[in-house]
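Working notes, structure below.
Residue numbers (the working numbering), protein chains in the order written: chain A, 1259 to 1632; chain B, 4 to 742.
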């Protein structure tokens, strides 16, 4: 299948060529490029072209070079807003919009409502860098988003079970269903955002492979890990915006545990090593290594993953990240690990309720770990 | 026939052009203050005891100045031979004044020119004690124009009734200058060496004893504007109020003796001390009321005083030769020879002055004192027949005894107070004596200002003192010039580096635009089927580009933060972690072992510019690399961050060739560098970084935030350790500036 994307950018020196080459590298993605034009021309162009494309990639700053002698006076977010309006008016069908920008200080330029216009934001200056996605991932994202939007446009959105590709409604939190029902008649991109941000974007009833590993207590580098995952294959999420082995139905995992591993022992309360032992016995897989807790943690009954450092932690060892007071009820609380809290590396702040605890911990450590000059 | 040309002369004589007056006036008498002080000195030379100087409506040009004295005045003959004869020989014939034998203070023959300098018109009214009339002469200086004969110009003489017994009044009209209060006060200072203290106590004034019996010299300056009179300056307020200490004492009606010391700057308690005659019998039975007061000065130590300048103190020292000592007055009249130069009737010099190693010299020359005995009926004291002193009866013995004891007690108290003061001012004193580069540029400027002030105030008295100050000023100037040249040098270099920095900022900003494009094409190549050479090259290209990008993106973010000039609280552990990331490949390349140790949490500095830490760390890193290279070892660098006593610290250590002990402060000075002059084959690092300004800039940054940087003893295994201390961020700062 060929995925066609429009790409609007004001790069100088034809720098966009490198980016386009990378996006088209696999052959199944085709980019239609446009430099900035004046507003009317651009909108007309997009109205014409978008129906033939799966989605659009926008840069944020579009006013670096004049085109036809006129500087663009609008931003990528302005274009995105206009396109969403057009969709709402049914002038255009719905499609993913990706922000691909190198602007320093994105926070300064974009407020929350502007960010909500985009299905994905990718930093130009970091791509292919350490700790960031590369172009291959970018291509995957383009395909994934295109597929997801296509799926939503064809499926019966009134039927949540179809949308999520499950048959058992009891898997879902009723409040989730309620929330979904509130938006199901809205444009697709609203649903898309809802799923991407509030269901798949953070641990909920759907969890990532990393969290799954933490909850099973298994180190993913264990040789037996793929085999283990096989056993859980029914638990893979296959609904809208499903992406390979990326998401798993937690309720289904629990059920599996109860059915196949142990009815008495609750997976939540036992140590990783205990979990691994049980898994090994029950499923007859031998090459499974338990995750070991970090030095400062107390518990190895891991349940989540540090949002920054990605290591497995028990919630008792984690520090609640600030700003989650308005999360949805089906979403899990997110944490950072002790080491990250002690020496923040990404500027993530902890909840105010956790501050005294952190302070206490800091003084204990400072007292115990004093410097000795040699 | 004889021709009409001038008849032949057989002798010629010199004529004088009248314009000479103006020229001489300007050349001999420069400044208006000098002119006035000269006229007052003339009054002094004429044995005047009082001079009234009045400035009438002189705030603008064209006012009037009147100088009125009660000296001996001039007869017509004296007027002709003295005032009216230019370059008269009068002062040569009479170097001392007639009545009081004063050494003449005025400069030879300047008086007339002084009046010409001051105003366009002069009127002299003078009368002598024996004359029947006063002589009045009016001189219009404007009449003395060039191209007229000096001797041809006539000045009107009148004879009028005497207004005083004796004395001269100078009325100078149409003043050429305007005179402010400050100007008038300045004149006063010029004649300070003539001034004598106000001896008489309120008591004798109250008893109505004569005041004019001795040869004082008092000058009063008054300013009259629109008929409102105002006294500008007089003797007492000028001179003795500035004494280091004032010693006062008395014997009262109940015949008890007391003494006390007052000082503005010394720490003496103002208690009234009892001076007992003997332990068993404190009273002075053979005395009646005695009162004494002495002003005490220590010379060459203006820093002990609360408000005196070097020049003023020098002036006082100059007059102490003639006027120092303790004088005795009986019933308002001076009793000689007590207190004359070379008289030591209280054995002050003999007992105290020659004590070695004293901080508080206590001789006659340090004291301006008077003793008043009030003995109206003459019961207690008797003058000797020759009228040279008093008979040394019981009263006199008790008097000297009381005074001895009072001065002894005072002297001890003063000595301790001076000792204390000396210790306080020792540091300042040493600096004042010391070499000029110990003072900061600001201090030097302040010194200079003081010197210039003093110089402009005292251009006349004490040539010696003026020379000292001139030399000192020149030294300060030289020091300042040096400072400024060094600063300009440094500025020049810093400007170059700053310009470079800005260019780099723009460059990195541009480079960042290229990154996604370059990476894009690279990623395409990665999935192509290349031969092994291609694969190799590609891998290498990826690696080098990653390096390139990591350096430039680091600088890009700090440049953009700097552009916004935002101060942020810096978390030292993050700062170091970020830095480590950037230099990772460089470290690998140079095979340097880099370790970070973190102690404690919330290592937050006071708000700083983020880019400044970039400068600091890069600087230290570059220096370490060079040191390691010179030492030819496997490099080791360790960074330790922590906090101590409300301050955060960062220690940067390496195992390079170390810093010699004698250079441990010099390394922070501008242009100090151990980098050898950059040669053609010097490493690129050295070419750019061998400026010698690196550590100076680092130090300036840190000092600017209230921090310190020093070389400290390194830990085991390291040879150099820089330690930076900075104040820790307060909660308020964290809230306001963010991390």
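Note that CB positions come from ideal geometry on N, CA and C, so glycine has one too.
Start and end of the beta strand (DSSP E) containing residue 251 of chain B? Where residue 251 of chain B is concerned, the enclosing beta strand (DSSP E) stretches over 248-254.
If we count the other Cβ atoms within 10 Å of its Cβ and call it buried at 16 or more, is residue 328 of chain B buried or exposed? Buried: at least 16 other Cβ atoms inside 10 Å.
Check for me: the beta strand (DSSP E) holding residue 657 of chain B runs from which residue to which? Residues 650-657.
Backbone CA spacing between residue 427 of chain B and residue 344 of chain B [nearest angstrom]: Going by the C-alpha atoms only, they are around 34 Å apart.
Backbone CA spacing between residue 1510 of chain A and residue 1440 of chain A [nearest angstrom]: Between residue 1510 of chain A and residue 1440 of chain A, the alpha-carbon positions lie close to 26 Å from each other.
Please list the partners that residue 516 of chain B has in chain A, where partner means a Cβ-to-Cβ separation under 9 Å. Near residue 516 of chain B (Cβ distances below 9 Å), the residues of chain A are 1269, 1270, 1271, 1273, 1322, 1360, 1382, 1383.
Local Cβ density within 10 Å of residue 559 of chain B, reported as buried at 16 or more and exposed below that: With 16 or more Cβ atoms within 10 Å of its Cβ, residue 559 of chain B is classed as buried.
Compute the distance between the beta-carbons of residue 1281 of chain A and residue 1393 of chain A, then report whether it is under 8 Å. Against a cut-off of 8 Å, the Cβ pair of residue 1393 of chain A and residue 1281 of chain A comes out as a contact.
With DSSP collapsed to three states, give me the class of residue 1509 of chain A. Three-state result, residue 1509 of chain A: helix.
Residue 1600 of chain A: contacting residues in chain B (beta-carbon distance under 7 Å): In chain order: 604.
Run down chain B in chain order and give the residues with a C-beta less than 8 Å from the C-beta of residue 1261 of chain A. Per Cβ cutoff of 8 Å: no residues; residue 1261 of chain A is ~17 Å from chain B at best.
Using 8 Å as the cut-off, can you tell me whether the region 1375-1394 of chain A makes contact with the region 1469-1479 of chain A, which would need three or more C-beta pairs spanning the two stretches below that distance? Not touching, per the Cβ criterion.
Contacts that residue 1620 of chain A makes with chain B (C-beta to C-beta distance below 9 Å): Per Cβ cutoff of 9 Å: 603, 604, 605.
Closest Cα partner of residue 1612 of chain A within the set A:1276, A:1605, A:1596, A:1622: Taking only the C-alpha atoms, the option nearest residue 1612 of chain A is A:1596.
Minimum length 3: unbroken beta strand (DSSP E) runs contained in the region 147-183 of chain B: The region 147-183 of chain B contains these whole beta strand (DSSP E) runs: 159-164, 170-178.
Boundaries (first-last residue) of the beta strand (DSSP E) holding residue 128 of chain B: For residue 128 of chain B, the enclosing beta strand (DSSP E) stretches over residues 122-130.
Which bits of chain A does residue 580 of chain B rub up against, with CB to CB less than 9 Å? Residues of chain A passing the Cβ test: 1601, 1603.
Can you find a C-beta in chain A that's less than 8 Å from the C-beta of residue 527 of chain B? The beta carbon of residue 527 of chain B sits closer than 8 Å to some beta carbon of chain A.
Please list the partners that residue 1457 of chain A has in chain B, where partner means a Cβ-to-Cβ separation under 9 Å. Neighbours of residue 1457 of chain A on chain B: none; closest Cβ ~30 Å, over 9 Å.
C-beta contact flag for residue 372 of chain B and residue 338 of chain B at 8 Å: It is not a contact, given that the beta carbons lie outside the stated cut-off.
Which partner residues does residue 724 of chain B have in the DSSP bridge list? In the DSSP output, where bridge partners are listed per residue, residue 724 of chain B has B:656.
Have a look at residue 1533 of chain A and residue 1501 of chain A and give me their C-alpha separation to the nearest angstrom. Residue 1533 of chain A and residue 1501 of chain A: Cα-Cα distance of roughly 27 Å.
Is it the case that the region 401-418 of chain B contacts the region 258-270 of chain B, given that we only count it when at least three CB pairs across the two stretches are under 8 Å? Note that the region 258-270 of chain B touches the region 401-418 of chain B; at least 3 beta-carbon pairs, one per stretch, sit closer than 8 Å.
Pair within 8 Å by beta-carbon distance, residue 290 of chain B and residue 402 of chain B: Going by C-beta atoms, residue 290 of chain B is nearer than 8 Å to residue 402 of chain B.
Taking the alpha-carbon of residue 284 of chain B as reference, which of B:257, B:321, B:64, B:491 has the nearest alpha-carbon? Answer by Cα proximity: B:257.
Can you check which of these residues, A:1316, A:1305, A:1331, A:1358, is closest to residue 1345 of chain A by C-alpha distance? Nearest option by C-alpha distance: A:1305.
Specify the secondary structure class of residue 1614 of chain A as computed by DSSP and reduced to three states. In the structure shown, residue 1614 of chain A adopts helical secondary structure according to DSSP, grouped into three states.
Would DSSP call residue 1493 of chain A helix, strand or coil? It is helical.
Under 8 Å, with one C-beta from each stretch per pair, do the region 1607-1621 of chain A and the region 96-116 of chain B reach the 3-pair mark? The region 1607-1621 of chain A, when compared against the region 96-116 of chain B, does not touch it at the 8 Å Cβ threshold.
Within the region 1497-1562 of chain A, note down every full beta strand (DSSP E) run reaching 3 residues or more, in order along the chain. Taking 3 residues as the shortest admissible run, the region 1497-1562 of chain A contains no complete beta strand (DSSP E) segment at all.
Output the distance between the C-alpha atoms of residue 51 of chain B and residue 39 of chain B, rounded to the nearest integer angstrom. Distance between the alpha carbons of residue 51 of chain B and residue 39 of chain B is about 16 Å.
Residues within the region 1395-1421 of chain A neighbouring chain B, beta-carbon criterion of under 7 Å: If the cut-off is 7 Å between Cβ atoms, the region 1395-1421 of chain A has nothing near chain B.
For the pair the region 1576-1595 of chain A and the region 1453-1467 of chain A, tell me if three or more CB-CB distances fall below 8 Å. With a cut-off of 8 Å, the region 1453-1467 of chain A and the region 1576-1595 of chain A count as touching, because enough Cβ pairs lie within range.
Three-state secondary structure (DSSP) at residue 67 of chain B? Here residue 67 of chain B sits in strand by DSSP.
Closer than 9 Å by beta-carbon distance: list the chain A residues that pair up with residue 530 of chain B, in chain order. Taking the beta carbon of residue 530 of chain B as reference, the chain A residues within 9 Å of it are 1283, 1284, 1394, listed in sequence order.
Touching or not, the region 116-133 of chain B and the region 46-62 of chain B, by the rule of three or more beta carbon pairs under 8 Å? Flag = no, the region 116-133 of chain B and the region 46-62 of chain B do not touch.
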